[in-house]
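Chains as they are written, first to last, in UniProt numbering: chain E, 1 to 434; chain V, 1 to 294.
Remarks on the structure that follows.
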Amino acid sequence: MKKMTAMLMVASLTAAALCSCGQKTEKETPAGAETSKETQKAEEKKDGQEVTLKVYDSMAYGVEAYDEVIKKFEENHPGVKVEIQHAANDSNTLLQSRFNSGDIPDVFLNEPGAGAQLYYEYSYDWSKDTETLGKFKEDALDLTKTEDGAIYGLPWTYETMALIYNKDVFDKAGITTLPNSVEELGEICKKLQDSGVKPLAIAGKEKWALGQMATHFIMDKSLDAAGTVKALKSGEKSFKDLPHWDNFFKLLDLVKEYDGDKAVETGWEPAENAVATGEAAMLHMGDWAQANFTKMGPDTKLAFLPVPVGSSEADNTILSSVGWVFQVYKDSPNLDLAKEYCEYVLCSEEGAKWMTEGVDAVPASTTSDLQPSGDLPQDAQKYIKAGKTNGWIHTICDTTYSDTVGPLIQGYILGEYTKEEVTQGFEDYFKNLQ
Amino acid sequence: MGSIHRGKKQYLYFILFVLPALFFVLLATDIPFVLNMVYSLFEWNGISKSATFVGLQNFAKVFHDKLFWKSFLFTMRYTVYYVVLVNILSLFVALQLWKNTFASKVGRTLYYVPHIISLTAISLVWQFILGPIFSGFYDITGMPFFHYSWLGRPKLTFIIILVMTIWQNIGFYMVNYIAGIITIPRELVEAAVIDGANSKQCFMKVMLPLMVPSLSICILLSMMFGLKLFDIIMVFTQGGPVNSTISVSFNIYKEAFSANHYGLATAKSLFFVAVVLCITGVLFQLRKKWEVEM
């Protein structure tokens with residue numbers, strides 16, 4: 001009897017193991033039979049079966065409004081089901097695991113530059129779809145354009161970053177003119193402190209926030225973002241040649257003086273909160289945070305303060321670029337549908353509603369007249385139209401930029417590194433770029 | 001003859017029972033581990049379809065990676081502090097709470113609760129403690145202790161991570177020690193007392209030697225925890241400030257998924273596996289020496 005039970009148990013355990021393998025192979029078959037995918041698709045539709053479009057959303061901005069767009073897309077395409085994964089944290093890792101495990105999404109998002117480049121070999125090249133490309137601003141398309149003219153992604157919205165200040169707090173402190181040098185910024189900090197407000201809250205815990213702040217001082221306006229990075233990478237220019245680099249340390253000295261003892265432990269959320277509620281006056285951030293600011297302080301008036309990196313107004317920097325690009329998996333069984341989806345989301349009126357109202361950002365497509373309503377994106381528009389913005393440096397470096405330079409800046413703020421050591425760290429980072 | 005026959009049969013049953021489980025272990029752990037060894041010889045970004053064979057170059061790179069050695073030192077330093085402190089403290093707590101009274105049951109529960117709270121909740125709790133609670137205390141008492149930048153200074157952050165992880169796990173080791181204490185025959189302790197041993201001698205000469213099995217398992221487990229430290233770093237400090245709290249696992253993770261140097265990351269992990277194996281081996285030898293027959 002004992003023997004029987006034992007044998008039965010072993011048999012069932014083995015069966016269970018084999019069953020799970022069997023299921024896997026079954027699932028794999030349709031993907032393997034690629035030859036007849038078109039006919040298969042047609043058949044599926046005839047049978048009333050659904051085609052599933054797998055979308056990976058790496059940013060999760062304005063999710064509710066996005067879901068509305070998807071619903072409309074599904075209504076317009078009967079038999080299509082959009083399966084979307086929103087990932088706000090650790091989205092790179094998740095996307096990579098999906099590629100590694102063979103569960104490749106038909107549409108996925110990356111930051112243009114180094115992030116998107118990792119996936120170029122999987123991405124559909126849009127360069128022949130001139131009609132679609134005509135719906136986007138050219139400088140936005142350039143971000144995923146390779147030297148041989150291929151375009152591997154469609155741009156989402158513009159994101160702009162610089163110092164952001166709380167207008168009410170500035171008014172109360174009697175500050176009417178914006179600074180044109182770090183010294184003038186220092187005077188403003190003093191005035192603010194005298195009026196009982198913490199002048200700066202730079203979110204020093206976040207390596208990315210610090211790294212982005214540094215890019216203003218790296219920017220050589222005569223070369224723009226790509227040119228500056230190229231010159232630093234090739235060794236053609238060193239940090240000593242950069243016109244405004246030294247002023248970065250003057251700004252960090254202001255941080256030391258005016259951001260309190262806990263500058264390096266403050267994360268982005270408390271920092272944004274402090275500015276939104278008027279507890280602090282300024283931080284370095286982008287207009288992507290508008291929705292957060294509105295949530296934290298609905299009546300707060302905010303505006304951009306172009307970073308006074310040099311000594312005149314013309315030197316001030318405000319950096320603007322497309323934050324995310326939509327990439328399409330080129331071997332997707334639903335390639336046409338995936339392309340249609342991207343175009344719908346980025347160029348339709350519903351999509352524009354998501355981008356402008358749901359996320360409060362400026363679309364990179366030109367098909368809709370809708371404009372964002374928040375203070376920051378509107379303010380950003382002013383600078384973009386006047387041609388006063390430059391591109392982003394941190395996205396065209398590589399994916400380790402923040403992790404490499406962030407700790408250096410933290411070290412300077414805490415007094416562990418000298419100016420020379422930090423500069424050397426930056427120099428080494430750019431020289432080692434591939 | 002009969003006994004041999006029976007032994008063979010039992011052996012067969014043993015294999016039959018183990019096989020299904022072994023299959024899954026192989027699939028989930030050992031095969032990826034072997035694959036890892038292969039990856040470590042390649043330069044691969046983790047995404048691309050193609051990888052370049054670089055031989056042992058990745059291993060050479062490991063030895064020149066300053067950040068890796070910084071994280072290695074941090075992990076070792078953390079593990080030593082953690083193993084010593086958590087074991088002493090939980091043994092102490094176990095000695096107070098091993099009796100089956102109502103008070104000790106309540107105490108055990110209180111100590112064990114942090115162990116079953118999810119990590120996200122723990123980090124929220126601690127952010128709350130170090131934020132509003134500490135600043136509230138500072139406003140009332142004016143003590144500078146409550147105004148330190150606990151997460152903004154490398155040395156203080158080290159202490160906080162140590163305190164947090166000890167707080168989280170003390171209950172787990174306590175339970176192990178209580179189990180160990182309960183198995184000690186009362187007669188032995190009583191005999192020692194009759195022979196005139198005081199409570200310190202009782203503990204050091206009778207109880208402790210008999211607790212070597214639980215002691216060694218607790219030391220081993222806490223050492224494993226210390227060496228594998230990852231989640232708290234990931235959720236709480238992200239390796240900061242100034243890279244002072246990067247653990248080896250976190251460094252490997254960043255190398256693989258953020259810097260996209262998959263081969264280098266696997267080389268680092270293999271090197272670390274070797275180190276961990278050596279430490280564990282030494283520990284097992286020591287355990288054999290310490291253990292006494294009852």
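By construction, the Cβ of each residue, glycine as well, lies at the ideal position given by its N, Cα and C atoms.
Keep in mind it's a predicted model, so treat the numbers as computed, not measured.
Identification of residues in the region 170-189 of chain E having a C-beta nearer than 9 Å to some C-beta of chain V yields an empty set. C342 (chain E) counts as buried, since no fewer than 16 other beta carbons sit within 10 angstroms of its beta carbon. Residue-level contact by beta carbon holds for E265 (chain E) and chain V, with a gap shorter than 8 Å.
Beta-carbon to beta-carbon, P105 (chain E) and V55 (chain E) are separated by about 6 Å, close enough to satisfy the 8 Å threshold. Counting the other CB atoms within 10 Å of its CB gives I116 (chain V) a total below 16, which places it among the exposed residues. Distance between G107 (chain V) and K70 (chain V), taken at the CA atoms: about 39 Å. Ranking V:F250, V:L229, V:G180 by CA distance to the CA of C218 (chain V) puts V:G180 first. The bridge partners DSSP lists for G286 (chain E) are E:M161. Rounded to the nearest whole angstrom, the CA to CA distance from L26 (chain V) to S123 (chain E) is 34 Å. Within 8 Å of the CB of N92 (chain E), the CB atoms of chain V belong to F257, S258, in sequence order along the chain. Scanning its chain for C-beta atoms nearer than 7 Å, with the 5 sequence neighbours on each side dropped, one finds around N390 (chain E) the residues M219, K221, D224, A225, T317, L319, in chain order. Under the three-state reduction of DSSP output, Y417 (chain E) falls in the coil class, being neither helix nor strand. Contact fails between the region 359-374 of chain E and the region 67-84 of chain E, because fewer than three Cβ pairs, one in each stretch, are under 8 Å apart. Contact residues of the region 398-413 of chain E toward chain V are T399, T400, D403, P407, Q410, G411 (C-beta to C-beta distance below 7 Å).
Contact check for E269 (chain E) and M285 (chain E): beta-carbon distance about 11 Å, past the 8 Å limit, so the pair fails to qualify. Within the region 91-178 of chain V, the runs of alpha helix (DSSP H) that reach at least 4 residues and sit entirely inside it are, in chain order, 102-116, 119-128, 134-141. For K353 (chain E), the uninterrupted alpha helix (DSSP H) segment begins and ends at 349-353. Legend: CB atoms of the region 166-180 of chain V lying less than 8 Å from CB atoms of chain E are not found in any residue. The C-beta of I47 (chain V) comes closer than 8 Å to at least one C-beta of chain E. If only complete runs of 3 or more residues are kept, the region 86-164 of chain E shows the beta strand (DSSP E) at 107-110, in order along the chain. In summary, no residue of the region 378-389 of chain E has a CB separated from any CB of chain V by less than 9 Å. A distance below 8 Å separates the beta carbons of L305 (chain E) and L163 (chain E).
Per the coordinates, the alpha-carbon of A267 (chain V) lies some 30 Å from the alpha-carbon of K205 (chain E).
For F99 (chain E), the chain V residues whose C-beta falls within less than 8 Å of its own C-beta are I47, listed in chain order. By the Cβ test, the region 256-272 of chain V is in contact with the region 21-41 of chain V, since at least three Cβ pairs between them sit closer than 8 Å. P32 (chain V): member of the alpha helix (DSSP H) spanning 31-39, first to last residue. Looking at V:V235, V:I47, V:F172, the one whose alpha-carbon comes closest to that of V125 (chain V) is V:V235. Identification of residues in the region 181-193 of chain V having a C-beta nearer than 9 Å to some C-beta of chain E yields an empty set. Residues of the region 109-137 of chain E with a C-beta atom less than 7 Å from some C-beta of chain V are L118, Y119, E121, listed in chain order.
The criterion of a C-beta distance shorter than 8 Å is not satisfied by V229 (chain E) and I384 (chain E). Across the set E:Q371, E:S311, E:N432, E:A303, the C-alpha of E:S311 shows the shortest separation from the C-alpha of P179 (chain E). Secondary structure note for L178 (chain E): it is in no alpha helix (DSSP H), with a DSSP letter that is neither H nor E. Taking a Cβ-Cβ threshold of 9 Å, none of the residues of chain V is close to K419 (chain E); the smallest such distance is about 15 Å. Note on the region 230-279 of chain E: there is no whole beta strand (DSSP E) run with a minimum of 3 residues. Distances from the alpha-carbon of L210 (chain V) to those of V:E291, V:S258, V:P144, V:S149 put V:E291 closest. With respect to the C-alpha of Y412 (chain E), the residue from E:A203, E:Y152, E:K256 having the closest C-alpha is E:K256.
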